[in-house]
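Read through the structure below, which is laid out as structure tokens, and then see the notes.
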Amino acid sequence: MKYIKMTCLIALLIATSGCKKWLDVNSDPATPQDVAAEFYLAPMIARMAVSVTTDYANAQFKYTQNVGAQVASDPMERHSYYNTDNAGGVLWRFVYIDAGKNLEEIITKSEAKQNNTLLGVAYAIKAWGYQMTTDSHGPIILNDALKDQLTFTYQDQPEVYAKVREWCYLALQKLNAPDGLVNPSLLRNNDFIFGSAIPANNSLTAYRERWKKFVYAILATQYSHLTNKPEFNTKYADSVVKFVDLSFGATTLNSSEDAAINFEGVSAANANPFSVTGNTLNSVASAAAAAQVGSGRIGQPVINYLTGGMRGTPATNPTITTTTPYDPRLSRMVAPMTTNVYKGVVATRGDVPTTKTIPHVYGSVAAPFPGKYIFGQGLTDGVKSRLPLYTYSQLQFAKAEALFLKGDLGGAWIAYDRGIRGHMDFVNTFGRSGLTTAPAITSAEITAYMTSSEVAQNATTLTLADIMGQKYVAQWGWAGQEQWCDLRKWHYRADIFKQFKQLDASEFAATINGVGAYAYRLRPRYNSEYVWNRPELQKWGGLLPTYSYQETWFSLPTN
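What the sequence shown shows, in the numbering used here, is residues 150 to 708, in sequence order.
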């Protein structure tokens with residue numbers, strides 16, 4: 150018996166030794182398996198760009214009439230949805246798959262090293278992702294997120310909004326705390342949003358400030374969604390103002406601090422998805438979205454706003470030779486037809502003649518596209534197009550809206566004025582991409598426009614339509630989610646969005662109680678939710694054909 154025990158012990162030791170040697174084969178000191186947390190940032194930020202641009206191209210830009218298709222009756226322009234497709238579900242994938250456990254890995258590794266700077270960045274990205282996703286879909290996975298299970302419980306926006314605020318405050322706490330182990334050079338090389346704010350001496354002061362302003366922008370925009378809540382004027386409006394004043398451009402009064410994703414731009418793989426090279430606005434996401442062929446055409450509302458429709462009647466067939474002093478942003482933001490007439494796609498109408506005439510946002514009717522505004526080539530050194538996430542002008546209009554509703558018309562007018570001037574600066578800073586660099590908007594042009602009848606000249610003449618119309622222009626082409634939030638919280642009202650085309654009865658994909666239905670939410674991602682999580686969807690009405698038309702919590706008057 151003693152011999153048998155000894156034999157078994159020796160066999161066990163040999164087996165253990167063999168396993169150790171086998172494991173050693175896969176442990177190469179030249180390629181360590183424990184990757185520094187900073188290396189996760191670059192691919193994660195790239196996926197941030199891919200997620201928003203793909204969803205915007207497939208859904209939000211169609212709902213907001215920022216762009217249109219060449220074909221008539223495009224489903225999303227009619228406020229329909231794809232019931233067996235992932236169109237509009239890429240942000241969902243970002244939160245739960247692309248960032249998902251990778252973001253948790255950054256948090257875990259940063260906590261272990263007391264790398265509070267990176268920890269704050271991680272919580273900021275997490276807050277951004279969940280805020281964007283709930284604003285697309287309404288109820289989403291929150292407490293069950295990333296658990297090892299096949300079905301997940303949804304939670305509605307009040308809980309998600311609260312959790313986003315919790316992560317925002319946690320991000321701010323970490324960004325204000327001293328670091329243990331931190332690697333500024335890795336942050337500089339892997340953070341394609343604010344990495345360039347880290348100077349050669351590796352000071353993180355400016356870098357941390359930029360990320361704090363990013364967090365304040367999340368909070369400002371979240372509170373700005375709640376205009377229909379009973380306590381908005383007495384409570385939430387002040388929060389909008391507070392966080393806008395802490396965010397981008399509050400002291401510089403220009404776009405120099407705006408949050409934007411930068412790209413290496415040496416190939417299609419690492420170019421801005423909204424650039425000519427990235428081509429997201431000129432391609433289809435899937436077979437079910439094939440009706441989008443020829444998408445990415447300029448929408449008519451922005452043309453109307455820029456040619457006299459901000460406070461008056463838009464010009465008929467405006468041309469670049471017309472002596473009327475149109476908004477100076479017009480020629481910088483969009484290209485005219487070959488006849489020199491500025492024209493866009495009217496929602497659901499398309500550009501149906503065999504010979505197409507309405508330009509793409511990329512600067513011409515057909516390829517090769519020269520690039521235009523923020524939709525540049527994406528490769529040329531010096532003019533590599535960037536993807537904005539939050540801007541000074543956008544936030545100033547949110548502040549103007551909040552103060553207007555609160556009754557502070559003087560403060561609202563100041564923010565409105567700054568918002569317009571801020572967007573002029575944005576155009577000069579971000580919007581001169583393309584093979585031909587557009588001339589900068591001059592001080593004389595800005596003065597001429599600011600003193601024109603298209604701009605409210607004082608607080609007593611300022612209207613909500615003035616603010617939201619200018620905000621529409623400032624957000625056109627990049628802020629699809631925030632644009633859609635604006636339209637939804639004001640219920641697509643014609644008196645507020647004067648140039649948004651109110652669809653005719655026959656142009657809606659669906660009617661509810663005899664009335665054409667505008668979309669208020671995107672359906673959850675098909676591949677994960679409609680395939681694996683149908684019982685939870687059924688609880689929320691997600692299997693009903695009317696689900697897309699149910700308002701999300703933020704736009705309702707109830708708490």
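All C-beta atoms, glycine included, are put in the ideal place defined by N, C-alpha and C.
This one's a predicted model, so the numbers in the text were calculated from it and none came from an experiment.
Within the same chain, 227, 228, 229 come within 6 Å of residue 658 by CB-CB distance, once the 5 residues on both sides are set aside. Inclusion of residue 236 and residue 208 in the CB contact set at 8 Å is warranted, their separation being smaller than that value. The shortest CA-to-CA distance from residue 584 to any of 645, 546, 521, 590 is the one to 521. Around the beta carbon of residue 373, 16 or more other beta carbons sit within 10 angstroms, so the residue counts as buried. A Cβ-Cβ distance of about 11 Å is found for the pair residue 572 and residue 628, leaving them out of contact under the 8 Å criterion. Residue 632 sits away from residue 284, with the two beta carbons spaced by 8 Å or more. Bounds of the beta strand (DSSP E) holding residue 408 are 408-410. In this structure, DSSP gives residue 304 an extended state, which the three-state scheme calls strand.
The beta strand (DSSP E) runs of length 3 or more contained entirely in the region 555-616 do not exist; there are none. Short of 8 Å from the beta carbon of residue 556, and not among the five residues preceding or following it, lie these beta carbons of its own chain, in chain order: 382. Residue 456 carries a helical assignment under DSSP once its states are collapsed to helix, strand and coil. Under a 10 Å Cβ-count criterion, residue 643 is classified as exposed, with fewer than 16 other Cβ atoms of the shown protein chains found around its own Cβ. In the three-state DSSP reduction, residue 661 falls in the strand class (E or B). In the three-state DSSP reduction, residue 539 falls in the strand class (E or B). In this structure, the beta-carbon distance from residue 638 to residue 703 falls below 8 Å. For residue 632, the enclosing alpha helix (DSSP H) stretches over residues 629-638. According to DSSP, residue 423 shares a beta bridge with no other residue.
When the Cα atoms are used, residue 334 and residue 262 turn out to be separated by approximately 16 Å. Separation of the CB atoms of residue 234 and residue 675 is rounded to 6 Å, and the pair is thereby assigned contact status at 8 Å.
Of the residues assessed, residue 537 falls on the buried side of the cut-off, its CB having 16 or more other CB atoms within 10 angstroms. DSSP places residue 372 in the uninterrupted alpha helix (DSSP H) bounded by 354-373.
Distances from the CA of residue 294 to each of 266, 250, 605 were compared; the closest alpha carbon is that of 250.
Counting only runs of 3+ residues, the beta strand (DSSP E) found wholly inside the region 376-412 occupies 408-410, in chain order. In the structure shown, the three-state DSSP call for residue 481 is helix.
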